[in-house]
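Chemist:
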Amino acid sequence: MALVPNMPQVWRQETKPHKFCPGCGHGLVLKTLGECIDELGIQDRVIFGCDIGCSLLSYDFFNVDTVQTHHGRTTPVLTGIKRARPDRICIAYMGDGGGYAIGSQHLVNAASRNEKITVLLANNCNYGMTGGQMAPTTLPGMKTETSPYGRDVEQTGNPTQGPEMVAAITPENAYVARGTIANLRQLKRMIKKALETQINGVGFSFVEALSACPTNWRTNAKDTWHFVEKEMTQYFKVGEKKVPPEKEEQ
Amino acid sequence: MAVPAFKYVQKDCTKANFTLFTSICKGCGLCMEKCPVKCLEWSNELGVYGTPTVIPKDQDSCTGCGTCALVCPDCAITIERKKLK
Ligand SMILES: Cc1ncc(C[n+]2csc(CCOP(=O)(O)OP(=O)(O)O)c2C)c(N)n1
Ligand code: SF4
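Residue numbers (the numbering used here), protein chains in the order written: chain G, 1 to 250; chain A, 1001 to 1085.
1) Listed from N- to C-terminal order along the chain, which residues in the segment 1050 to 1073 of chain A have their beta-carbon within a distance smaller than 9 Å of any beta-carbon of chain G?
2) For ligand 1, is there a heavy atom less than 8 Å away from the beta-carbon of Ile102/G?
3) Scan the segment 1031 to 1050 of chain A for residues whose Cβ lies nearer than 9 Å to a Cβ of chain G and list them as they occur along the chain.
4) Which whole-angstrom value is the C-beta distance of Lys1007/A and Thr1022/A, which I expect to be below 8 Å?
5) Using only the alpha-carbon positions, how far apart do Cys36/G and Gln198/G sit?
6) Are the beta-carbon atoms belonging to Ile117/G and Ala84/G less than 9 Å from one another?
7) With distances taken Cα to Cα, identify the nearest neighbour of Gln186/G among Ala209/G, Ala167/G, Glu172/G.
8) Leaving out the 5 sequence neighbours to the left and right, which residues in its chain are closer than 7 Å to Glu231/G when beta-carbon positions are compared?
9) Just grab the DSSP bridge partners of Arg85/G for me.
10) Apart from the five residues just before and just after Ser205/G, which ones in its own chain have a Cβ nearer than 8 Å to its Cβ?
11) Determine the extent of the alpha helix (DSSP H) in which Cys50/G is found, giving its start and end residues.
12) Taking only beta carbons into account, state which residues of the segment 1006 to 1029 of chain A come closer than 9 Å to chain G, listed in chain order.
13) Given Thr1067/A, which residues of its chain have a CB within under 7 Å of its CB, disregarding the five upstream and five downstream residues?
14) Considering only heavy atoms of ligand 3, list every residue whose Cβ is less than 5 Å from one of them, following chain order.
15) When you compare only the Cα positions, how much space is there between Tyr59/G and Gln68/G?
16) Relative to the C-alpha of Thr1065/A, which candidate in Lys1082/A, Lys1026/A, Val1009/A, Gly1027/A has its C-alpha closest?
17) For the segment 4 to 23 of chain G, list every residue whose C-beta sits within 9 Å of some C-beta in chain A, in sequence order.
18) Verify the CB distance criterion: does Gln250/G have a CB-CB separation below 9 Å to chain A?
19) For Pro1056/A, which three-state DSSP category applies?
20) Select from the segment 111 to 141 of chain G all residues with a C-beta closer than 7 Å to any C-beta belonging to chain A, and list them in chain order.
21) Pull up the distance between the alpha-carbon of Leu78/G and that of Thr15/G, whole angstroms please.
22) Can you tell me where the beta strand (DSSP E) with Glu240/G in it begins and where it stops?
23) When burial is assigned at 16 or more other CB atoms within 10 Å of the CB, is Glu1041/A buried or exposed?
24) By a C-beta neighbour count over all protein chains shown, 10 Å radius and 16 as the cutoff for buried, is Glu246/G buried or exposed?
25) Between which two residues does the alpha helix (DSSP H) containing Ser112/G stretch?
26) Which residues mark the beginning and the end of the beta strand (DSSP E) in which Lys1011/A is found?
27) Is Arg151/G closer than 9 Å to Met142/G when the C-beta atoms are compared?
28) CA-CA distance, Val10/G and Tyr149/G?
29) Going by C-alpha distance, which of Lys1038/A, Pro1052/A, Met1032/A is nearest Ala221/G?
30) Would Cys1062/A and Lys31/G qualify as a contact pair, given that the criterion is a beta-carbon distance under 9 Å?
31) Starting from Gly277/G, find everything on chain A with Cβ-Cβ shorter than 7 Å and list it in chain order.
32) Considering only DSSP beta bridges, list what Asn1017/A is partnered with.
33) Using beta carbons (cut-off 9 Å, strictly below), is Lys1082/A in contact with chain G?
34) May I ask whether a heavy atom of ligand 1 can be found less than 8 Å away from the beta carbon of Asn124/G?
35) Is the distance from the Cβ of His71/G to the Cβ of Gly49/G below 9 Å?
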């Protein structure tokens, strides 16, 4: 038998190599998500929604029903699907531009209504697909296409703290965390807990993953890791922000 | 759609079998930086975008820890640890 790569079983092999740039963090986040879907055995129940931005390049990524929606609208579309089919596991996948800028109202309202869906957001500090413009998550002083002298916090504010915001507005049975592609085992535990929160019908679940965009950051592998591990973590603290209270053992 | 055959190169190291799928490696280099013993180097085999791919420098340096495979965004590396004799 021909040797095949060790991909998560839910990955569609015939669409690989996937469409993300070399070294892109989206691949790592979706690999981790794939492993979680495999281990929870939920492939036939998952509905995956991807946003506009580079996350849309995952429209043929998984062997599950997939929908691609307008910018930032993945959260309400998946909310609708979940309400119509509560037995499905709905995962909305987006970038930081989609979640925190163009679609922030959707994230905020889905979170405060405690919708029983999972939102997974890749934070790469810029608008990747459109060529690396400044995003709400761009670090202070970071140079992008639209902040060529570095982000000026006096004029444009500080980086959006997504999980902290979601944790503040969700009821106590939600799951909210920030992981990073620099610690994939931890990220996997977080995504798994988020999916379990939805599977058990407990509440809203949200995981932000610190991701990388080497193409627009113009970084080589060494600088990419440095940026994710040392620069981003100065503003974005990795960890669980809200965990549903454990059910009492019977 | 039929699943394509993935092209690969292999290196038989002392502690593990190293397989690199050249038809999905994009040459990003994330694995080289993360390898705890820095045993990977650029190889002459070209990847899917015409970039160099990676291969362990010599047979003995790879410890078979699997970190390179873990951090590959494309699942282009497979590490099979050998049983200790
Ligand atoms: C309503 C709307 N506004 C703007 C755009 C243009 N647009 C397309 S992709 C994109 C950036 C996406 O950035 P992000 O969500 O951070 O994802 P990334 O590409 O970085 O993964 C923008 C602004 C759009 N498609 N729709
Ligand atoms: S532009 Fe950036 S986010 Fe988009 S695929 Fe390339 S590396 Fe990934």
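We put the CB at the ideal spot given by N, CA and C, even for glycine. These figures come from a predicted structure and were not determined experimentally.
Modeler: Let's see:
1) Thr1051, Ala1069, Leu1070, Val1071, Cys1072, Pro1073
2) yes
3) Cys1031, Met1032, Glu1033, Lys1034, Gly1047, Val1048, Tyr1049
4) 5 Å
5) 13 Å
6) no
7) Ala209/G
8) Leu139
9) DSSP output for Arg85/G lists no bridge partner at all.
10) Ile117, Thr118, Val119, Ala174, Tyr175, Val176, Lys193, Ala194, Leu195, Thr197, Gln198
11) Element bounds for Cys50/G: not the alpha helix (DSSP H) but the beta strand (DSSP E), 46 to 50.
12) Phe1006, Tyr1008, Gln1010, Thr1019, Phe1021, Ser1023, Ile1024, Cys1025, Lys1026, Gly1027, Cys1028, Gly1029
13) Lys1034, Cys1035, Pro1036
14) Absence of ligand 3 from the depicted structure is noted, with ligand 1 and ligand 2 being the only ligands included.
15) 6 Å
16) Reading the sequence as shown, one finds Cys at residue 1065/A and not Thr. Among Lys1082/A, Lys1026/A, Val1009/A, Gly1027/A, the Cα nearest to that of Cys1065/A belongs to Lys1082/A.
17) Val4, Pro5, Asn6, Met7, Pro8, Trp11, Arg12, Gln13, Glu14, Thr15, Lys16, Pro17, His18, Phe20, Cys21, Pro22, Gly23
18) The predicted position of Gln250/G is uncertain, since its pLDDT is 49 and thus under 50; no value can be drawn from it.
19) strand
20) none
21) 24 Å
22) 239 to 242
23) exposed
24) exposed
25) 104 to 112
26) 1009 to 1012
27) yes
28) 43 Å
29) Met1032/A
30) no
31) In the structure as shown, chain G starts at 1 and stops at 250, and residue 277/G therefore has no counterpart that could be examined.
32) Asp1012/A, Glu1080/A
33) no
34) yes
35) no
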